[in-house]
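Scroll down for the structure; my scribbles are underneath it.
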Amino acid sequence: MNLIFASNNKGKITEIQSLIPAEITVTSMKDAGIDAEIPEPFYTFRDNAKAKADYIKNRTGQNCFSEDSGLIVPALNGEPGVFSARYAGEPSNDDNNNRKLLTEIQKVTDKRAHYKSVICLLLNDEIHYFEGKCEGHITDAPKGNGGFGYDPLFVPEGYGQTFGELPLEIKNTLSHRGKAMKLFTEFLHKYIAEEKRHIF
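Residue numbers for the sequence shown follow the numbering used here, beginning at 1 and rising by one.
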């Protein structure tokens, strides 16, 4: 089965490809011939994920999935939230976003935060959503070179290292995206099994 993934984010693609079952081929937007920045105009991860999946489906007519995620710090009124990728404004990049978060987090005593991920799958004209969440807190300085986004600043609950320091295999079991992907891949395994049953 081939699915187009509504992203050209290399870090996200690497992470997702490490989680996808072998029977499924994932094609990036670029490999599908789409070289565009998909608008994310909404104020929820679910609505933005749906908008991205619709964009791909409307242009290719193929089965596809998208993922929208972000970091939520309750003490900062939910920031960066759906604006996680563009928190520091344009040009958007991880270093600028991390610097802004470090500046803002110094203003509050409650450093608790959580990541949220929503996957939207458009499969044969059906819509399916899969959600994951990871609780933790923000550190006072970046640690580790792994991952992407806010990973060097986020320490998952029960651990003493940031996502930037933890091996990808461990991060995948803990992360918001890993949890959403687990539900997503379980669904796809069942779907593939059903398809095989109908064939035979």
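Glycine residues also receive a C-beta, built at the ideal position from the N, C-alpha and C atoms. Note that the structure is a prediction, hence the values are computed from the model and not measured.
Inter-residue CB distance, residue i and residue j (contact presumed, cutoff 8 angstroms)
i    : j    : result
F154 : F163 : 5 angstroms
F284 : A51  : Within the shown structure, residues of the chain are numbered from 1 to 200, placing residue 284 beyond reach of any answer.
P21  : H189 : 6 angstroms
E169 : G146 : Not a contact, Cβ separation roughly 11 angstroms.
Cβ-Cβ distance between residue i and residue j below 8 angstroms
i    : j    : result
E76  : E104 : Per the sequence presented here, residue 76 reads as Leu, with Glu not at that position. Contact flag set, yes.
P142 : N98  : yes
T27  : I13  : no
Y129 : I119 : yes
V73  : T44  : no
K100 : K116 : no
F184 : L102 : no
P167 : G136 : no
A113 : Y55  : no
P152 : G144 : yes
A85  : E67  : no
I192 : M1   : yes
N124 : N63  : yes
N210 : L71  : The question about residue 210 has no answer, for the chain in this structure spans 1 to 200.
Beta-ladder partner(s) of residue i, from DSSP
i    : result
I170 : None; I170 has no bridge partner.
Y68  : One point to set straight first is that residue 68 is Asp, not Tyr, in the sequence displayed. D68 pairs with V118.
P80  : I72
Coil, strand or helix - residue i by DSSP
i   : result
G89 : coil
T44 : coil
P39 : coil
N98 : helix
N63 : coil
Exercise for review: Can you check the stretch 101-182 for any beta strand (DSSP E) of at least 3 residues that lies completely inside it and give the ranges in chain order?
Suggested key: For the stretch 101-182, whole beta strand (DSSP E) runs of length 3 or above, ordered along the chain, are 112-123, 126-138 and 154-156.
Point to revise | Contiguous beta strand (DSSP E) assignments of at least 3 residues, all confined to the stretch 1-33 | key: Entirely contained in the stretch 1-33, the beta strand (DSSP E) runs reaching 3 residues are, in chain order, 2-5 and 25-28.
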